[in-house]
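In full-length UniProt numbering, the protein residues as written are 1 to 1141.
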C-alpha cells in the first residue's frame, strides 16, 4: 500500500495491463514461442527511457540495450577466489538491475515518433516477442518492476491433447483452423504482480470440486481417484478463512495443479497453486494426509496474503509471508487441535534459535540493518535458501507475538480492513496510485494498526523486525524459607551469535501447592534479580489436592519435593510470548512434576529435554508414566520414548528388568493370549499407530555394557517383522514397515526388501545398507547409490541415495564421486533434487575448513567458483546453495589450497575498493544511450564538437507483432570516446552466430582514430516451430574470430594495452570530459554501507593499469606495433549480448 497523492519517483511510468500469448509449445524440443504486450501509462511528459523490452504500439521499433550481469558475476579477474569478493560483485549485479530501484536488464530508447504521445501523457503499448529453446531455468517474463501491478490477458496455444492452466478466468477455448491445436484464453481482472503469474501445460485430467464449483483440480493421467480423496476437504479451508476474516475469497476461481518434478512441493500463484504429484495419496495412507492438508491450507491462505495482497517491496516480504503462515497456523489449530499448533510453534522457535545461534541473526526488514552473513540479505536473489526457509518461520513467530500484544480479535479486524481496502482498490479502473492499497508495506501496516486499534507498534517493530536475533535467558532460583520468597535470577547472554538484548516485560509462572501464579517482571539489564513472595506454605504432610493452571485438581506424591518449599516447579515465558531461548536450572524432581502434571505440551516438551541430563530411576518412572498415559498428546509420548532410550543407556550399569519399553509395547499392542506376539494391525487409533512406529525405533538405540544392541531387542524387532499382519486393516502399513527397517538398521541387522506406497520402504532400505557399510558389515560401493540416484527414479529414493552418496564421499574421499555429484547438480532436470543434493553437501561436507584432505584441491575450488559465478546463472536458489557450500568449505577468505601468484593484485575489500563488474553498463554509457539531443542518435562529444567521424552501435530489435517470425533488426546508435594524444589505433573484430553487429569508434586526435569493430550473428529462426537447426549466419569478415563480443569495460581496458599510452593523461582527459557532462541521475549516487559499485565507471578508469595485467593473463592478444594493425583476442572476456530472449 502506498500513500495517496504520491508518485513513485523511481519509475516515471505505470504498467496498466499485460497480454501474454504463448503461440507454440513443443515438448519434444522443449521450446516456447510467444510475445508479451504491455500497456504503459507515462507519468512525466519527458519520458525517454524505459527499462523493459521492446516494440512500441506495434508500429515503431525501439532501440535498446540489454545487460544481464548475473550471467557471469565476476568477469576478467581469474585470481580472486574469496567469497567476500564474489558476494560484493553479486550484490552489485543484483542492485544494478533491481526493479525496486527503477532499474532493469533492458533499457529502451523511446522512438522520436512516440514523443508527442508521451508529452500528452497518453498510454502506449510495448510489445516483446520471445522464444525459449531448452531453457535451463524456469520460464521468466521480465516486467518493469517485480511488484508492479496490472491486469492480465493470457493466451496459450497447445496441441489438441494438452490442457493449459493459467491465472484468471478461462474465457474460451478456440480450436485452430488446422485442427491440430487449440488456444486457451484467460483473463485476470484483478491487478497482479508478475511473480504471481504462472501457467502449466500437460495432458491433465480435470476434476471440478463437488463442494465448491469455483475450485478445479488438475492431475496427470490415471491419478484421478487419489486426486478425489486428496482434495476432498479443500472447501473447509476456504470456509475457515472466509469466516475468520469476514471477507470472501478475493478471486472468482481457484485451480490446483499437480505436476511431476515440481520446483517446490507447493508454489502458489494468483487463482492457482502448483503442487507436487507426491502429495497425492489414497485413503489408506495416514502420514501423508497431515502434510498434504497442511500445505493445501497454506496455499489458500497465500491467495489472500501474498497473491491478492502482495508485498510492496522486498523489505516488506515478512508481512505477507508472516500473515499467510499465521492464518495457516490458525487453520491447523482449528482442525488438528491446540496441542498440534503449540507443538508446531515450539518446533519452529527451536529451528529459528538454532539457526541464529549457529549462522547469525535474521533481520526481517533488511533495509533497517546490515547483516553479518557471508551473503547479502538485501535481495531475494542473493540470500541463502536455508536463510529464506528460516526467515519464513521467524516471520510467522513475530506475527504470532504481535497477536499476543494486541489480541487476536483486533488483529483479525486489521486483516479484514486490509482486505476491504484492497478489494475496493482492485475494482477501480487504472489511474496513477489507484491500486496502491493492494500492495502491503510495513509503513502502511503500521498506519492501519494505529487506525483500527489506536496502538503504536513502532517500538515492537524496532525491536523484533528491524533487529536480528532472539533473546537468550539463563535462569536459576533459590527458596528463602525464612522470608517465604523465591529469589529468582535471570541473565541475558549477549555474547552469543544471534543474541538480541531484550528490554520489556517477561512472564514467570510458579506452580505452588495452593495453585499456579503468574508474575510479570520488567527486564532492563543483562542481569536482574527478583523476589517472588509465595502464596502458600509448606505442608507436605497434609493431604490435599493440588489445583493446576487449567483449574483441574490432582493428587500428587509430594515425597520427592523439598520439605521446606511450597514450589513444585517454575517456568519462564510458558506461553511463548517472546522469541527466546530459555536455559533454566531447577532440581530434577521439579522437572518430573512438570512432565507428569503440566498440561501444556510445550512445558512437557521442555521437561523431557531437561530430564535427559538427569538419568535416575525417578526420571525413568516419570517418562514411563507419560508414555503409558492415554491422555497425553501423542507427540509428547513419542518424545518420551526417545528420551527413555537415552536415559536407559546412561543407566545401563544399574538397569534392572527387561529392556526399556518392551513391557509397555507388549501391554499396548501384544496379543491377549500371548503378549509376545503382536496383534493384527488396526490403525483406527492414530495415537497408537504413531506409537507403534516410534517405540521399536527408540528401542533399537538401546545398548548394553559392550555398546551392542541387546539380543532380546534384536529378536523383538524380528518378531515384529514375522508377525506383521495387515490383512484386515483398512490403512496401509507401508510407513510402519519402513519404520521397522529403520529400527533394524539401527541395530546393525540386515534389512529386507518390501514394496510400499511412496517407496518409503526402499528409502529405509537404502539408509540401512549405508549403516551396514559404515560399520564394516558390507563393502562400500558408491555405484550402488549412484544407480538409485539417476534421473527417472522416484524422487524420494533419489534424495536418499544422494544422502548416502554424500556420506560415502566424506568417508572414502573419492574425487570421482564428488565430481559426479557436482555434474548431476549442474545438469539434472529435477531442480528440487539438485537443491536438496547441495544442501546435503552443506550439512555433511566432505571436509572441514582448514583441514588437510585429498578432496581439498585447487580443481574443486575452480569448479565451485565457476558454478556460482556463471554456470548456475539461471537458478538463483542453486547459485546461493553453492555459495553456502563454498563458505562451509573455505570460509570467506581465499582457500588455503591455492597458491598466491607473484603478480596477484590484492584488492582492499574493507574500504570497498573492488573492481567494477564488466557486465554492468557504466552510467556514462547509459547517459549516451539516453541522450536525445539528436533524434537520429548521432551523438557528438562535448570536448570535440568539430569531429564528425562517428561509428555506430547496431543493436538487435524485434519485429512488429504482425510478423510470424521475430526478426532482430538493426538500429543505430553512436558515441565518441576521447583518448589521450599518445593513443594508437587498434582494431578488434569478433564474430558470432548473429545477423546483427555493433561497432565502436574511439575518437582521438584528428589525424588518428582508434576503431573497435565487432560483428556477430544471432539465430533468427528460433521462433519458427518448423525448424530445429539455427539459420545460416552471415559470413564474417576475413579478420574475424569466432568469440563472444567484449563488454564495454573490456574494450576500454583493451586500449590500455598499447605500450605508448600515457595513463595519467588518459585519466585527466576522461575526468575533464566527465566534469563537462550534464549530471542526469542524482539518485544513482546514493551509497549504501556495503555497496562496492558506486561510481563504477570512474573506478574502471582508475583501475585501467590493473586491468592491463589481468587482461594479459586471461586473454592472448597479438602485439600492435603499427598504426591500424589489428589486435585479435582469441578468447575475449565474456559479457551479455545485446539481444532479446
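Virtual Cβ for every residue (Gly too), placed ideally from N, Cα, C.
All of these numbers come straight from a predicted model, not from anything done at the bench.
Of the residues the options, the one placed nearest residue i, counting alpha carbons only
i           : options               : result
residue 860 : 452, 81, 35 and 299   : 81
residue 894 : 700, 343, 85 and 442  : 85
residue 39  : 21, 152 and 31        : 152
residue 127 : 36, 175, 171 and 215  : 36
residue 274 : 283, 262 and 496      : 262
residue 591 : 317, 571 and 577      : 571
residue 566 : 421, 483, 113 and 625 : 483
residue 388 : 732, 113, 178 and 314 : 314
residue 471 : 159, 256 and 504      : 504
residue 443 : 605, 509, 621 and 317 : 317
residue 347 : 835, 396, 437 and 820 : 396
residue 848 : 880, 500 and 891      : 891
residue 490 : 331, 338, 134 and 478 : 478
residue 640 : 823, 609 and 338      : 609
Beta-carbon contacts of residue i that lie in its chain and below 6 Å, excluding the five residues immediately before and after
i           : result
residue 839 : none
residue 212 : 235
residue 270 : 167, 192, 196 and 307
residue 175 : 182
Nearest-angstrom Cα separation, counted from residue j out to residue i
i           : j           : result
residue 15  : residue 150 : 6 Å
residue 627 : residue 252 : 49 Å
residue 186 : residue 167 : 7 Å
residue 461 : residue 352 : 18 Å
residue 289 : residue 281 : 7 Å
residue 546 : residue 561 : 14 Å
residue 738 : residue 579 : 36 Å
residue 772 : residue 746 : 9 Å
residue 776 : residue 814 : 18 Å
residue 296 : residue 345 : 19 Å
residue 526 : residue 500 : 11 Å
residue 341 : residue 134 : 44 Å
Under 7 Å between C-beta atoms of residue i and residue j
i           : j           : result
residue 173 : residue 218 : no
residue 367 : residue 328 : no
residue 385 : residue 877 : yes
residue 512 : residue 534 : yes
residue 549 : residue 516 : yes
residue 453 : residue 383 : no
residue 365 : residue 215 : no
residue 532 : residue 502 : no
residue 735 : residue 763 : no
residue 649 : residue 682 : no
residue 528 : residue 518 : no
residue 155 : residue 21  : yes
residue 614 : residue 284 : no
residue 469 : residue 584 : no
Classification of residue i by the beta-carbon crowding that lies within 10 angstroms, buried from 16 upward
i           : result
residue 34  : buried
residue 686 : exposed
residue 303 : buried
residue 393 : buried
residue 53  : Summary for residue 53: the model assigns pLDDT 35, below 50, so the residue's position carries little reliability; its value from the coordinates is reported in the next sentence. The residue is buried, with at least 16 neighbouring Cβ atoms inside 10 Å.
residue 372 : exposed
residue 17  : buried
residue 589 : buried
residue 787 : exposed
residue 131 : buried
Same chain, Cβ closer than 8 Å to residue i, neighbours up to 5 away in sequence not counted
i           : result
residue 671 : 677, 678 and 679
residue 699 : 645, 659, 660, 661, 662, 665, 713, 716, 717 and 743
residue 812 : 780 and 782
Closer than 7 Å to chain B by CB, residue i
i           : result
residue 358 : Annotation note: the requested chain B is absent from the structure, which comprises a single protein chain.
Neighbourhood of residue i by C-beta distance below 7 Å, restricted to the same chain and skipping five residues each side
i           : result
residue 828 : 791 and 834
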